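Working notes for the structure below.
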Amino acid sequence: MPDIATSSRTAGRPREFEIATALDAAIVVFTERGYHGTSITDLKACMGLTAGSIYKAFKDKKAIFLAAFDRYKQVRAALLAEKLAEASTGRAQVQAILHFYADAACGETGRRGCLAIGAAVELALFDEEVAARVARSHAALLAEIEGFIVKGQADGSVSGRVDPQAAALSIFSFLQGIRIAGKSGQDPGRTRASADALLALLD
(Lines of atoms letter the chains of each structure in order from A and count residues from 1; the text may use other names and numbers.)
(Lines give C-alpha, C1' and ligand atoms only; values in the text may rest on other atoms or scores of the structure.)
Protein backbone atom coordinates (compact mmCIF):
# COMPACT_ATOMS: atom_id res chain seq x y z
CA MET A 1 0.00 0.00 0.00
CA PRO A 2 1.58 3.28 -1.09
CA ASP A 3 2.77 5.89 1.34
CA ILE A 4 2.29 3.80 4.49
CA ALA A 5 5.46 2.71 6.25
CA THR A 6 4.32 -0.45 8.04
CA SER A 7 6.75 -3.00 6.65
CA SER A 8 9.14 -2.74 9.58
CA ARG A 9 7.42 -2.49 12.94
CA THR A 10 9.01 -0.39 15.64
CA ALA A 11 8.24 -0.49 19.34
CA GLY A 12 4.73 0.74 20.01
CA ARG A 13 3.74 0.84 16.33
CA PRO A 14 0.44 -0.91 15.51
CA ARG A 15 0.76 -4.11 13.49
CA GLU A 16 0.17 -3.95 9.75
CA PHE A 17 -3.12 -5.82 9.93
CA GLU A 18 -4.30 -3.44 12.65
CA ILE A 19 -3.47 -0.51 10.42
CA ALA A 20 -5.45 -2.01 7.52
CA THR A 21 -8.47 -2.60 9.75
CA ALA A 22 -8.16 0.88 11.24
CA LEU A 23 -7.95 2.46 7.78
CA ASP A 24 -11.06 0.60 6.65
CA ALA A 25 -12.89 2.25 9.55
CA ALA A 26 -11.38 5.64 8.72
CA ILE A 27 -12.56 5.31 5.12
CA VAL A 28 -16.16 5.06 6.31
CA VAL A 29 -15.89 8.16 8.50
CA PHE A 30 -14.04 10.28 5.92
CA THR A 31 -16.54 9.27 3.24
CA GLU A 32 -19.58 10.04 5.38
CA ARG A 33 -18.33 13.26 6.99
CA GLY A 34 -15.74 14.56 4.56
CA TYR A 35 -12.18 15.52 5.42
CA HIS A 36 -12.97 18.79 7.16
CA GLY A 37 -15.91 17.30 9.04
CA THR A 38 -13.77 14.54 10.53
CA SER A 39 -11.74 15.17 13.69
CA ILE A 40 -8.87 13.26 15.24
CA THR A 41 -11.28 12.37 18.04
CA ASP A 42 -13.62 10.82 15.44
CA LEU A 43 -10.74 8.87 13.94
CA LYS A 44 -9.47 7.69 17.30
CA ALA A 45 -12.92 6.36 18.13
CA CYS A 46 -13.57 4.61 14.83
CA MET A 47 -10.05 3.25 14.29
CA GLY A 48 -9.81 1.72 17.75
CA LEU A 49 -6.38 3.27 18.30
CA THR A 50 -5.16 5.58 21.02
CA ALA A 51 -3.98 9.04 20.07
CA GLY A 52 -0.43 7.88 20.77
CA SER A 53 -0.76 4.90 18.43
CA ILE A 54 -2.27 7.06 15.70
CA TYR A 55 0.58 9.55 15.84
CA LYS A 56 3.18 6.79 15.86
CA ALA A 57 1.72 5.46 12.61
CA PHE A 58 0.73 8.74 10.96
CA LYS A 59 2.09 12.27 11.06
CA ASP A 60 -1.30 14.00 11.19
CA LYS A 61 -4.92 13.84 10.00
CA LYS A 62 -3.93 14.48 6.42
CA ALA A 63 -1.53 11.52 6.51
CA ILE A 64 -4.39 9.32 7.76
CA PHE A 65 -6.59 10.60 4.95
CA LEU A 66 -3.96 9.92 2.28
CA ALA A 67 -3.40 6.41 3.65
CA ALA A 68 -7.15 5.84 3.73
CA PHE A 69 -7.41 7.07 0.13
CA ASP A 70 -4.69 4.63 -0.98
CA ARG A 71 -6.32 1.79 0.96
CA TYR A 72 -9.71 2.60 -0.58
CA LYS A 73 -8.33 2.55 -4.11
CA GLN A 74 -6.39 -0.65 -3.42
CA VAL A 75 -9.44 -2.52 -2.09
CA ARG A 76 -11.73 -1.27 -4.85
CA ALA A 77 -9.18 -2.20 -7.52
CA ALA A 78 -8.94 -5.75 -6.16
CA LEU A 79 -12.73 -6.15 -6.15
CA LEU A 80 -12.99 -4.78 -9.70
CA ALA A 81 -10.21 -7.09 -10.89
CA GLU A 82 -12.30 -10.08 -9.80
CA LYS A 83 -15.20 -8.89 -11.95
CA LEU A 84 -12.99 -8.11 -14.93
CA ALA A 85 -11.42 -11.58 -14.78
CA GLU A 86 -14.82 -13.03 -15.71
CA ALA A 87 -15.07 -10.91 -18.90
CA SER A 88 -13.56 -12.38 -22.06
CA THR A 89 -14.01 -9.54 -24.58
CA GLY A 90 -13.28 -5.84 -24.52
CA ARG A 91 -17.00 -5.02 -24.61
CA ALA A 92 -17.65 -7.42 -21.73
CA GLN A 93 -14.91 -5.71 -19.72
CA VAL A 94 -16.51 -2.31 -20.30
CA GLN A 95 -19.84 -3.77 -19.20
CA ALA A 96 -18.21 -5.29 -16.11
CA ILE A 97 -16.76 -1.97 -14.99
CA LEU A 98 -20.08 -0.22 -15.69
CA HIS A 99 -21.95 -2.81 -13.60
CA PHE A 100 -19.36 -2.55 -10.82
CA TYR A 101 -19.93 1.17 -10.43
CA ALA A 102 -23.69 0.89 -10.99
CA ASP A 103 -23.97 -1.65 -8.17
CA ALA A 104 -21.81 0.50 -5.89
CA ALA A 105 -24.31 3.35 -6.34
CA CYS A 106 -27.00 1.34 -4.54
CA GLY A 107 -27.78 0.59 -0.90
CA GLU A 108 -25.65 1.75 2.02
CA THR A 109 -22.50 1.95 -0.12
CA GLY A 110 -24.30 4.17 -2.59
CA ARG A 111 -25.65 6.51 0.06
CA ARG A 112 -22.25 6.79 1.71
CA GLY A 113 -20.64 7.75 -1.58
CA CYS A 114 -17.12 7.48 -2.95
CA LEU A 115 -14.06 8.60 -1.00
CA ALA A 116 -12.16 9.41 -4.21
CA ILE A 117 -14.94 11.61 -5.57
CA GLY A 118 -15.26 13.29 -2.18
CA ALA A 119 -11.54 14.02 -2.21
CA ALA A 120 -11.76 15.48 -5.71
CA VAL A 121 -14.62 17.78 -4.74
CA GLU A 122 -13.47 18.82 -1.27
CA LEU A 123 -9.69 18.90 -1.43
CA ALA A 124 -8.16 18.58 -4.89
CA LEU A 125 -8.48 22.27 -5.75
CA PHE A 126 -6.63 23.35 -2.62
CA ASP A 127 -4.18 20.53 -1.88
CA GLU A 128 -1.54 19.56 -4.43
CA GLU A 129 -0.83 16.17 -2.87
CA VAL A 130 -4.48 15.15 -2.92
CA ALA A 131 -4.88 16.62 -6.42
CA ALA A 132 -1.98 14.48 -7.65
CA ARG A 133 -3.55 11.33 -6.20
CA VAL A 134 -6.92 12.12 -7.72
CA ALA A 135 -5.34 12.90 -11.10
CA ARG A 136 -3.39 9.62 -11.08
CA SER A 137 -6.52 7.70 -10.16
CA HIS A 138 -8.57 9.34 -12.90
CA ALA A 139 -5.85 8.87 -15.52
CA ALA A 140 -5.47 5.19 -14.65
CA LEU A 141 -9.22 4.56 -14.87
CA LEU A 142 -9.52 6.41 -18.18
CA ALA A 143 -6.59 4.48 -19.63
CA GLU A 144 -8.10 1.19 -18.46
CA ILE A 145 -11.45 1.93 -20.09
CA GLU A 146 -9.79 3.06 -23.31
CA GLY A 147 -7.74 -0.14 -23.30
CA PHE A 148 -10.91 -2.23 -23.02
CA ILE A 149 -12.43 -0.37 -25.98
CA VAL A 150 -9.33 -0.88 -28.12
CA LYS A 151 -9.30 -4.55 -27.15
CA GLY A 152 -12.97 -4.77 -28.13
CA GLN A 153 -12.22 -3.31 -31.53
CA ALA A 154 -9.52 -5.92 -31.98
CA ASP A 155 -11.77 -8.82 -30.94
CA GLY A 156 -14.79 -7.53 -32.87
CA SER A 157 -17.03 -6.77 -29.87
CA VAL A 158 -16.72 -2.99 -30.32
CA SER A 159 -17.31 -1.12 -33.57
CA GLY A 160 -14.25 0.13 -35.38
CA ARG A 161 -16.07 3.44 -35.89
CA VAL A 162 -15.83 4.25 -32.17
CA ASP A 163 -13.31 6.87 -31.02
CA PRO A 164 -11.71 5.10 -28.03
CA GLN A 165 -10.68 8.30 -26.24
CA ALA A 166 -14.04 10.02 -26.60
CA ALA A 167 -16.00 6.91 -25.63
CA ALA A 168 -13.72 6.27 -22.66
CA LEU A 169 -14.29 9.79 -21.33
CA SER A 170 -18.06 9.41 -21.71
CA ILE A 171 -17.99 6.13 -19.80
CA PHE A 172 -15.65 7.55 -17.16
CA SER A 173 -18.02 10.49 -16.66
CA PHE A 174 -20.93 8.10 -16.16
CA LEU A 175 -18.96 6.14 -13.55
CA GLN A 176 -18.29 9.29 -11.54
CA GLY A 177 -21.82 10.58 -11.95
CA ILE A 178 -23.57 7.37 -10.94
CA ARG A 179 -21.69 7.36 -7.62
CA ILE A 180 -22.91 10.89 -6.93
CA ALA A 181 -26.46 9.90 -7.90
CA GLY A 182 -26.17 6.98 -5.50
CA LYS A 183 -26.00 9.31 -2.52
CA SER A 184 -29.70 10.00 -2.91
CA GLY A 185 -30.53 6.29 -3.14
CA GLN A 186 -30.86 4.35 -6.38
CA ASP A 187 -32.55 1.15 -7.48
CA PRO A 188 -30.10 -1.60 -8.57
CA GLY A 189 -32.18 -2.51 -11.62
CA ARG A 190 -32.29 1.09 -12.77
CA THR A 191 -28.56 1.73 -12.32
CA ARG A 192 -27.69 -1.43 -14.26
CA ALA A 193 -30.14 -0.52 -17.01
CA SER A 194 -28.58 2.93 -17.33
CA ALA A 195 -25.12 1.32 -17.44
CA ASP A 196 -26.17 -1.09 -20.18
CA ALA A 197 -27.72 1.76 -22.18
CA LEU A 198 -24.27 3.35 -22.32
CA LEU A 199 -22.93 0.29 -24.13
CA ALA A 200 -24.69 1.61 -27.24
CA LEU A 201 -21.71 3.98 -27.54
CA LEU A 202 -19.67 0.97 -28.58
CA ASP A 203 -21.94 -0.06 -31.48
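Numbered according to this note's numbering, the sequence shown spans residues 25 to 227.
Just so you know, even glycine gets a beta-carbon here, dropped at the ideal spot from N, CA and C.
Predicted model, so just to flag it, every value in this text is computed and none were measured.
**Asked** For A6, which residues from the same chain have a beta carbon less than 7 Å from its beta carbon, with the 5 sequence-adjacent residues on both sides left out?
**Response** Only positions 25 to 227 of the chain appear in the structure, and residue 6 is not among them; the question remains open.
**Prompt:** What do you reckon, are the CB atoms on V154 and L165 nearer than 8 Å?
**Reply:** no
**Message:** Please list the terminal residues of the continuous alpha helix (DSSP H) segment that includes D179.
**Reply:** 152 to 179
**Item:** Same chain, Cβ closer than 7 Å to I141, five either side skipped, listed in chain order
**Value:** Q200, R203, I204
**Item:** Three-state secondary structure (DSSP) of H60
**Value:** coil
**Request:** Report buried or exposed for A163, applying the criterion of at least 16 other Cβ atoms within 10 angstroms of its Cβ.
**Result:** exposed
**Request:** Determine, using beta carbons only, whether L139 and A191 come nearer to each other than 8 Å.
**Result:** no
**Request:** Return the chain-ordered ranges of every alpha helix (DSSP H) run that is complete within the region 55 to 127 and spans a minimum of 4 residues.
**Result:** 64 to 71, 75 to 81, 85 to 108
**Request:** Return the chain-ordered list of same chain residues with a C-beta closer than 6 Å to the C-beta of G206, the five sequence neighbours on each side being excluded.
**Result:** A129, G134
**Prompt:** What do you get for E110, buried or exposed, if any count of 16 or more other CB atoms within 10 angstroms of its CB means buried?
**Reply:** exposed
**Helix, strand or coil at C224 according to DSSP, with G and I counted as helix** = According to the sequence displayed, residue 224 carries Ala and not Cys. If DSSP states are grouped into helix, strand and coil, A224 belongs with the helices.
**Prompt:** How big is the Cα-Cα spacing for P212 and G76?
**Reply:** 43 Å
**Prompt:** If you draw a straight line from the C-alpha of V158 to the C-alpha of A143, how long is it?
**Reply:** 7 Å
**Request:** Identify whether S183 lies in helix, strand or coil by the three-state DSSP scheme.
**Result:** coil
**Message:** With H, G and I counted as helix, E and B as strand and the rest as coil, what does DSSP make of G201?
**Reply:** helix
**Item:** Coil, strand or helix - L147 by DSSP
**Value:** coil
**Request:** Could you have a look at A129 and say whether DSSP puts it in helix, strand or coil?
**Result:** coil
**Request:** Would you tell me roughly how many angstroms separate the C-alpha atoms of I78 and G171, rounded to the nearest one?
**Result:** 40 Å
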